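In what follows, a single structure is set out as structure tokens and then discussed.
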């Protein structure tokens with residue numbers, strides 16, 4: 002699976018959009034981009050995933066660049082409850098295995 | 010409610026005393042897996058199962074066993090626990106092993122003394 006690079010930490014004001022970047026320059030053609038988050042030591046929670054096109058669901062939007070070498074997760078109106086570690090994962094071909102990196106610690110402040 | 014449950018949630022045990030951590034899902038998912046999470050190492054896959062009676066090793070299978078006799082259950086067995094297996098364990102399930110969202114359980118914090 003391709004490796005991802007994310008900033009270690011980010012801050013966001015409550016009510017503002019949180020834009021979390023991820024670089025995955027070695028992504029292969031059949032690999033998906035997934036985003037999960039983990040609040041404290043709870044089980045990771047799925048947010049969104051995509052292959053080529055931008056995706057949106059009730060939680061977030063995923064913007065994937067045309068060359069697929071990077072992506073951005075957008076939380077449109079961050080709340081304090083969105084404070085968590087956000088993981089960008091590339092894969093989907095290795096028998097369902099998700100390779101978690103260190104993620105981005107997002108802190109939403111009032 | 011669709012969920013993955015794990016039991017126990019917390020366990021303190023001693024070296025060598027066999028234990029089982031249960032995992033159950035109520036979503037009729039085919040794919041299930043176990044991860045462990047350690048500080049600085051992230052989540053690492055231990056074992057996975059693509060369906061009943063089909064299991065395979067993940068990245069860190071040493072010291073663990075699994076079985077998948079029923080679709081909904083995927084227990085993790087530590088035959089002879091050692092202190093280096095002290096960790097936070099997560100079970101996960103999904104419809105299949107492809108591009109599906111995975112649902113994670115709440116975690117089991119295991120301490121082996």
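Chains as they are written, first to last, in the working numbering: chain A, 2 to 111; chain B, 10 to 122.
Beta carbons: idealized from backbone N, C-alpha and C, even for Gly.
Predicted model only: the values in this text are computed from it and were never measured.
- Under DSSP, residue 86(A) takes part in a beta bridge, and its partners are 39(A) and 106(A).
- Per DSSP, the continuous beta strand (DSSP E) segment holding residue 51(B) begins and ends at 51 to 60.
- Listed along chain A are 37, 39, 43, 44, 45, 46 and 47, each with a C-beta nearer than 9 Å to that of residue 113(B).
- When C-beta atoms of the segment 95 to 103 of chain B are compared with those of the segment 46 to 60 of chain B, three or more pairs fall below 8 Å, so the two segments count as touching.
- In the three-state reduction of the DSSP assignment, residue 93(B) falls in the helix class, which pools H, G and I.
- Chain-ordered listing is empty here: chain A has no CB closer than 9 Å to the CB of residue 12(B), the nearest sitting near 10 Å.
- Contact fails between the segment 18 to 37 of chain B and the segment 28 to 38 of chain A, because fewer than three Cβ pairs, one in each stretch, are under 8 Å apart.
- Bounds of the beta strand (DSSP E) holding residue 51(A) are 46 to 51.
- Proximity to residue 46(B) across 61(B), 103(B), 93(B) and 64(B) peaks at 93(B), based on C-alpha coordinates.
- Per DSSP, residue 69(B) lies in no beta strand (DSSP E) and is assigned neither H nor E.
- By the 16-neighbour rule on beta-carbons within 10 angstroms, residue 63(B) is exposed.
- Three or more beta-carbon pairs drawn from the segment 72 to 86 of chain A and the segment 14 to 21 of chain A are found closer than 8 Å, and the two stretches are therefore classed as touching.
- Selection 10(B), 68(B), 35(B) and 48(B) evaluated against residue 118(B) yields 48(B) as nearest (Cα-Cα).
- For residue 42(A) and residue 114(B), the gap between their C-alpha atoms comes out near 11 Å.
- Taking each of 51(B), 29(B), 13(B) and 39(B) in turn and checking the Cα distance to residue 105(B), the smallest one comes out for 39(B).
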